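If you read the protein sequences in the order shown, they are chains F and Z. Numbering follows my numbering, with no gaps: position 169 of the first sequence is 167. Numbering follows my numbering, with no gaps: position 134 of the second sequence is 554. Built from N, CA and C at the ideal position, the CB exists for glycine as well. Note that this is a predicted model, so its numbers are computed, not measured.
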Amino acid sequence: MRGTTVVAARSVHKNFGLVKVLKGIDLTVGEGEVLCIIGPSGSGKSTFLRCINHLEKIDGGELSVNGQLVGYRRKGDKLHELRDNEICRERANIGMVFQHFHLFPHMTVLQNLMEAPVGVKGVAKAEAARRGQELLERVGLGHRADDYPRQLSGGQQQRVAIARALAMDPALMLFDEPTSALDPELVGEVLDVMKDLAASGMTMVVVTHEIGFAREVADTLIFMDDGKVVESGPPRELLANPREERTRAFLSKVL
Amino acid sequence: MSRLVKPAGEVETPTGSHATAVAAGDHPDVELTVVPLRHYSRWVLGAAVGIGAAWLIWAFATADIDYSVTARYLTATPILLGVWHTLQLTLLSMVIALAIGVVIAVMRQSENPVLRAVASGWAWLFRGIPLLVQLLIWFNLSLVFDSIGIPGVYTVPTNQLMTPFVAALIGLSINESAYISEIVRGGIMSVDNGQREAASALGMTRGRLMRRILLPQALRVIVPPLGNEFISLLKYSSLAYTISYSELLLSANKIYTANFLVVELLFTASIWYLVLTTIFTLVQQQVERRLNRGVPGAQQQRLSGRWRRNLSLRRAGA
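Structure representation (structure tokens):
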């Protein structure tokens, strides 16, 4: 772990009705660190990711990003819920990439990248366009700025989605199974962009099924099952010598 | 063994198309002809409809109706004025209804329970009472309130304010706004939830999400039913006749109460209504075509185009 703590989770609980999805997650992510989360479907890994930017409300424990509680303000021993615009301000610092991209289909690629910086942060249009173009070049899609998302392949759309999140200059990037919806031959181009991003020092939390990517890029790998962190550690170590039986069982299926 | 199958059109002989159709088992190498399915029932039905229509036309042609009167009044000044008033009332009502309808729809999506309750109450109330009754209530509002305004600051006698036009405008637009709010709400809900999440994750507020992300995408779903609503509104505007607003129907009514040519004048009005609805239907089709450009759902257009092309080809070949 390097530098200061970006994400700190202490005993995070989350229920969907009577179903306990997260049963006490404890972890920290330091600045510049890449944390990969693997685990079977239904293990709560995506839910945890969505809690980090308050797309889901947590039901217990404490979750903070850059020292600020997510969704709440602490006054004495009381937690006050934040207002809509305060939550928005917190989220603006956290980029998120979804499994199904969710680009805005009624806007061009460049407009997708400009929308939030101009509308949320108040960046001047010309500046946002310049920065947007720069980010598109970075993900190798500078020439598609004026196309609409539906004209792009899945891999290209996901690269645009990454650029869109980066356009807000986030301190933290969340990836929710970014390659799961892609045709196999398009996975590589997205992973390459993510590797570059990790190399540039971006703090990242990645929920993924790409064990190879996790092994190569992650500083820490976490195996989650049944709403709990079963095992965590350096990826090579964890993948080669899993301590827990459940980890071993899962890895034997996916490797 | 490959067998050549040719469509009937290409090998058709003047004497009949089935001459070359031979049982495949007997002569394996012979060319086979496709015999198109004959739709005899369509011919029978077509003939029946034709006879029925002819009888209707004959009945109306020989009836005691002076069609020259119908034609003459088509361009009479009071009728044209009525057409203009109908158009004015419809267009203005639609604009107001659209504005209110969008606000109500957005309120229904609000997290604020009071706003949600007000919005659903609005839709319940103004969709639940017949439009005709609503028009009469607005027109007779002076029976309830002598004057309207802020007491002590500015008031105006209700009778002076509630002219037939104002009553019709309020009644039509509020009633229509309730229907439009449902259409807009359906449009907003049709947008994929991922759009909401993506916009939220970027830090957009709920208002901005609605304005920039949801409403623009809902538009494509909303516009076709809005076109239908507009055309309904155009026809419903004739109800304003009951509160003496001089739209098309009342203009016709005033003339036939004087000259007793009732059906002739009603036909004049009908022709105008048909002209207006036809024009707006064409406009609606154009708008939809434009909105659907390049969108996966727009296959229909291309398909029907192909279908038409196919039809004309078949006709050319026959």
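Exposed or buried, what is residue i when buried is set at 16 or more other beta-carbons lying within 10 Å of its beta-carbon?
| i | result |
| --- | --- |
| residue 476 (chain Z) | exposed |
| residue 248 (chain F) | buried |
| residue 401 (chain Z) | Absent from the structure is residue 401 (chain Z), since the part of chain Z shown begins at 421 and ends at 738. |
| residue 43 (chain F) | buried |
| residue 12 (chain F) | buried |
| residue 705 (chain Z) | exposed |
| residue 250 (chain F) | exposed |
| residue 153 (chain F) | buried |
| residue 572 (chain Z) | exposed |
| residue 533 (chain Z) | exposed |
| residue 550 (chain Z) | exposed |
| residue 703 (chain Z) | exposed |
| residue 168 (chain F) | buried |
| residue 182 (chain F) | exposed |
| residue 596 (chain Z) | buried |
| residue 558 (chain Z) | buried |
| residue 584 (chain Z) | buried |
| residue 486 (chain Z) | exposed |
| residue 577 (chain Z) | exposed |
| residue 594 (chain Z) | buried |
| residue 175 (chain F) | buried |
| residue 699 (chain Z) | exposed |
| residue 554 (chain Z) | buried |
| residue 545 (chain Z) | exposed |
| residue 449 (chain Z) | exposed |
Taking only the alpha-carbon atoms, compute the straight-line gap between residue i and residue j and give it to the nearest angstrom.
| i | j | result |
| --- | --- | --- |
| residue 709 (chain Z) | residue 688 (chain Z) | 32 Å |
| residue 106 (chain F) | residue 530 (chain Z) | 29 Å |
| residue 669 (chain Z) | residue 502 (chain Z) | 7 Å |
| residue 537 (chain Z) | residue 615 (chain Z) | 26 Å |
| residue 97 (chain F) | residue 253 (chain F) | 21 Å |
| residue 5 (chain F) | residue 76 (chain F) | 21 Å |
| residue 620 (chain Z) | residue 87 (chain F) | 10 Å |
| residue 442 (chain Z) | residue 145 (chain F) | Residue placement at residue 442 (chain Z) is flagged as unreliable, the pLDDT there being 49, under the threshold of 50; a coordinate-derived value is accordingly withheld. |
| residue 246 (chain F) | residue 235 (chain F) | 12 Å |
| residue 590 (chain Z) | residue 523 (chain Z) | 16 Å |
| residue 20 (chain F) | residue 202 (chain F) | 20 Å |
| residue 84 (chain F) | residue 78 (chain F) | 12 Å |
| residue 22 (chain F) | residue 221 (chain F) | 14 Å |
| residue 7 (chain F) | residue 37 (chain F) | 18 Å |
| residue 180 (chain F) | residue 190 (chain F) | 14 Å |
| residue 240 (chain F) | residue 35 (chain F) | 15 Å |
| residue 33 (chain F) | residue 611 (chain Z) | 32 Å |
| residue 497 (chain Z) | residue 656 (chain Z) | 23 Å |
| residue 155 (chain F) | residue 80 (chain F) | 33 Å |
| residue 504 (chain Z) | residue 629 (chain Z) | 40 Å |
| residue 685 (chain Z) | residue 500 (chain Z) | 13 Å |
| residue 618 (chain Z) | residue 561 (chain Z) | 49 Å |
| residue 528 (chain Z) | residue 539 (chain Z) | 6 Å |
| residue 213 (chain F) | residue 185 (chain F) | 16 Å |
| residue 91 (chain F) | residue 170 (chain F) | 7 Å |
Please compile the residues from chain F whose C-beta is within a distance smaller than 8 Å of the C-beta of residue i.
| i | result |
| --- | --- |
| residue 615 (chain Z) | 100, 102 |
Identify the contact partners of residue i in chain F, using a Cβ-Cβ distance below 9 Å as the criterion.
| i | result |
| --- | --- |
| residue 637 (chain Z) | 102, 103, 104 |
Which bits of chain Z does residue i rub up against, with CB to CB less than 8 Å?
| i | result |
| --- | --- |
| residue 117 (chain F) | 624, 628, 632 |
| residue 83 (chain F) | 625 |
| residue 90 (chain F) | 622, 623 |
Strictly below 7 Å CB to CB, what residues from chain Z border residue i?
| i | result |
| --- | --- |
| residue 114 (chain F) | 622, 623, 624 |
| residue 94 (chain F) | 621 |
At a CB-CB cut-off below 9 Å, which residues of chain Z make contact with residue i?
| i | result |
| --- | --- |
| residue 87 (chain F) | 623 |
Less than 8 Å between CB atoms is the rule here; does residue i satisfy it with respect to chain C?
| i | result |
| --- | --- |
| residue 61 (chain F) | The structure shown contains no chain C; its protein chains are F and Z. |
### Query
According to a CB-to-CB cut-off of less than 7 Å, which residues of the stretch 617 to 635 of chain Z neighbour chain F?
617, 618, 620, 621, 622, 623, 624, 625, 626, 628, 632, 633
### Query
Got a sec: which bits of the stretch 699 to 713 of chain Z sit with their beta carbon under 8 Å from any beta carbon on chain F, in order along the chain?
none
### Task
Return the chain-ordered ranges of every beta strand (DSSP E) run that is complete within the stretch 635 to 717 of chain Z and spans a minimum of 3 residues.
none
### Query
Of the residues that make up the stretch 137 to 169 of chain F, which ones have a beta carbon closer than 7 Å to any beta carbon in chain Z?
166
### Task
Within the stretch 16 to 73 of chain F, note down every full beta strand (DSSP E) run reaching 3 residues or more, in order along the chain.
17 to 28, 32 to 36, 58 to 63, 70 to 73
### Length-filtered (4 minimum) alpha helix (DSSP H) runs lying within the stretch 466 to 497 of chain Z
487 to 493
#### Entry: Against chain Z: residues of the stretch 23 to 54 of chain F by CB proximity under 9 Å
48, 51, 52, 53
### Task
At 4 residues or longer, and completely inside the stretch 561 to 622 of chain Z: list those alpha helix (DSSP H) runs for me, N to C.
578 to 581, 584 to 610, 613 to 621
### Query
Curious, which full-length beta strand (DSSP E) runs of at least 3 residues does the stretch 124 to 202 of chain F contain?
170 to 174
### Query
Could you give the uninterrupted runs of the alpha helix (DSSP H) lying entirely in the stretch 522 to 550 of chain Z, keeping only those of 4 residues or more?
533 to 548
### Message
In chain order, what are the residue ranges of uninterrupted alpha helix (DSSP H) at least 4 long that sit wholly in the stretch 202 to 232 of chain F?
### Response
209 to 215
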